[in-house]
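Chemist: The structure is given below, and queries will be raised subsequently.
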Amino acid sequence: MATAVISTVVVFTAIGLAVVNSPGWPSVREAFLNGEIFRASFPDIARAFVLNIKIFLVAEAVILVFALAIAVLRSLPGPVFFPIRAIAIIYTDVFRGVPTILVVTMLALGVPGLQLTGIPVSAVFWAAVGLILVYSAYVAEVYRAGIESVHPSQEAAARSLGLSRLQTLRYVIVPQAVRRVIPPLLNDFIGLQKDTALVAFAGPVEALRQAGIDEAANFNFTPYVCTAVLFLALTIPLTRTTDWLIARDRRRRAASGVA
18 MATAVISTVV
28 VFTAIGLAVV
38 NSPGWPSVRE
48 AFLNGEIFRA
58 SFPDIARAFV
68 LNIKIFLVAE
78 AVILVFALAI
88 AVLRSLPGPV
98 FFPIRAIAII
108 YTDVFRGVPT
118 ILVVTMLALG
128 VPGLQLTGIP
138 VSAVFWAAVG
148 LILVYSAYVA
158 EVYRAGIESV
168 HPSQEAAARS
178 LGLSRLQTLR
188 YVIVPQAVRR
198 VIPPLLNDFI
208 GLQKDTALVA
218 FAGPVEALRQ
228 AGIDEAANFN
238 FTPYVCTAVL
248 FLALTIPLTR
258 TTDWLIARDR
268 RRRAASGVA
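In structure tokens form, the structure reads like this:
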């Protein structure tokens with residue numbers, strides 16, 4: 018442990034010294050680490066960051082339900098459910114294959130341009146829909162992996178007790194599957210929080226867009242560093258929570274194996 022700590026400190030110290038002693042460091046420091054501009058831009062960017070958080074929270078709640086429905090539909094057995102499984106497969110393949118920025122931009126700019134009666138015209142709304150569609154495809158696959166990890170004997174036991182297929186899914190398979198996939202789900206939601214910055218390309222003023230406004234006003238890139246700090250302040254706790262849940266699940270499985 019001591020050797021690892023010392024070697025890490027030495028490596029990062031060497032990197033830091035190499036950076037600060039480089040010929041271009043003064044200009045880079047002025048362009049990216051200007052303390053005065055950081056303090057001046059932080060309040061506006063923090064207020065804009067609230068929109069990122071709102072999009073993240075709403076999208077996460079919808080994704081959890083929508084993705085689970087897709088995973089369950091794709092897991093339905095028998096030839097009679099083949100069309101439903103095919104639709105679920107096409108959905109996941111399409112939205113996992115198209116870059117998220119394209120989906121967000123096309124929906125946020127394209128759908129309001131249709132000027133359909135009764136359809137929301139808010140770019141924020143459609144950008145959030147784009148994130149939901151893309152991440153639901155990824156999360157559905159995580160759910161499906163959890164469903165398939167439940168041993169078939171669990172379903173057989175439930176059916177032998179008189180539960181229907183839907184009751185077995187609801188009371189036996191899905192609860193076990195969801196408990197097993199919580200850590201990877203949190204990893205996906207960490208990515209979702211970062212990808213809320215893609216909303217900026219559709220026009221709404223969130224943290225990244227506000228940083229661009231401040232950068233253009235000051236001819237300095239420090240506002241982008243300010244935005245990065247805000248994202249880190251949110252994603253690092255989520256990352257540590259994910260690590261803790263993974264470690265707890267590993268200990269639980271090890272204890273069950275010993276028992």
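Each number in this note's numbering corresponds to the 1-based position in the sequence shown with 17 added. Ideal Cβ placement from N, Cα and C applies to all residues, glycine included. In this text the structure is predicted, and so the values were computed from the model without any measurement.
#1: What first and last residue would you give for the alpha helix (DSSP H) that runs through A125?
#2: Are R102 and L90 closer than 8 Å when you measure CB to CB?
#3: Rounded to whole angstroms, what's the CA-CA distance from V275 to Y108? Just pull it up for me.
#4: What is the DSSP secondary structure of L203, counted as helix, strand or coil?
#5: Buried or exposed for W42, going by 16 or more other Cβ atoms inside 10 Å?
#6: Ordered along the chain, which non-local residues of its own chain (more than five positions away) have a Cβ less than 6 Å from that of W335?
#7: Taking its Cβ as the centre, do 16 or more other Cβ atoms sit within 10 Å of G219, making it buried, or is it exposed?
#8: Determine the contact status of L215 and V79, defining contact as a CB-CB distance below 8 Å.
#9: Tell me where the alpha helix (DSSP H) around G220 begins and ends.
#10: Taking 8 Å as the threshold (C-beta atoms), are T213 and L148 in contact?
Modeler: Once the coordinates are examined:
#1: Run containing A125: T117 to L131, per the alpha helix (DSSP H) assignment.
#2: A distance below 8 Å separates the beta carbons of R102 and L90.
#3: Only weak support exists for where V275 lies, its pLDDT of 44 falling under 50; the value from the coordinates is given anyway. Going from the Cα of V275 to the Cα of Y108 covers about 42 Å.
#4: Here L203 sits in helix by DSSP.
#5: Burial call: exposed.
#6: The question about residue 335 has no answer here: the residues shown for the chain are numbered 18 through 276.
#7: A quick correction: the sequence has Ala, not Gly, at residue 219. Under this definition A219 is a buried residue.
#8: Against a cut-off of 8 Å, the Cβ pair of V79 and L215 comes out as no contact.
#9: Note, G220: premise wrong, no alpha helix (DSSP H); not H, not E.
#10: Taking 8 Å as the cut-off, the Cβ atoms of L148 and T213 count as close.
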